[in-house]
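Residue numbers (this note's numbering): 1 to 194.
Built from N, CA and C at the ideal position, the CB exists for glycine as well.
No experiment lies behind these values; they were computed from the predicted model shown.
To start, the structure itself, in structure tokens.
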């Protein structure tokens with residue numbers, strides 16, 4: 001009888017452990033690829049996606065307290081993300097509440113209120129498509145800057161009357177995307193990294 005303590009047992013254990021580690025590595029890799037298929041703009045204070053999906057209980061408390069009704073839930077077809085909260089800036093952008101009630105109410109810390117609230121936090125990353133913006137065609141506007149809840153620290157109008165995104169201050173809420181008078185919008189919101 002082999003008790004697992006000798007050289008054969010130790011080698012067997014090492015080989016078994018190596019096989020398990022390889023298998024788990026493949027499972028994690030496949031899971032990350034499935035998650036990456038569809039990205040969602042998560043509510044403020046969200047953990048990175050893999051951790052968020054593991055921590056979120058899909059309770060809906062964040063959506064219940066959102067004063068602007070910006071938080072929706074991924075449908076059943078969303079696979080691993082089904083039932084989790086997300087924001088669709090094209091439907092209803094986040095209004096950048098000063099106290100982040102959505103994160104405050106989360107029972108599992110899938111959403112957490114950062115120590116400095118919005119400072120350094122990003123829902124998305126904003127880009128300007130100058131070819132679409134009417135200010136670059138000589139028409140004064142400024143609707144985007146008026147819609148920005150952060151103000152000139154995030155989106156300002158320069159001396160030429162053109163919008164200027166200040167990425168260090170912009171939280172990527174999407175309010176300017178929705179407010180923009182051009183169709184399609186002169187602003188594009190992409191997924192924040194990290």
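Quick one: give me the first and last residue of the alpha helix (DSSP H) that residue 61 is part of.
61-65
Counterpart residues of residue 46 in DSSP-defined beta bridges:
111
Could you compute how far the alpha carbon of residue 50 sits from the alpha carbon of residue 56?
10 Å
Pull up the distance between the alpha-carbon of residue 100 and that of residue 185, whole angstroms please.
27 Å
Using only CA atoms, which one of 44, 39, 15, 124 lies nearest to residue 114?
44
Threshold first: 4 residues or longer. Then list the alpha helix (DSSP H) segments lying entirely within the segment 63-89, N to C.
none
Once DSSP output is grouped into helix, strand and coil, what is the label at residue 117?
coil
Compare the beta carbon distance of residue 123 and residue 171 with 8 Å and say whether it is the shorter of the two.
yes
Based on Cα-Cα distance, which residue from 65, 179, 174 lies nearest to residue 93?
174
Residue 12: buried (16+ other C-beta within 10 angstroms of its C-beta) or exposed?
exposed
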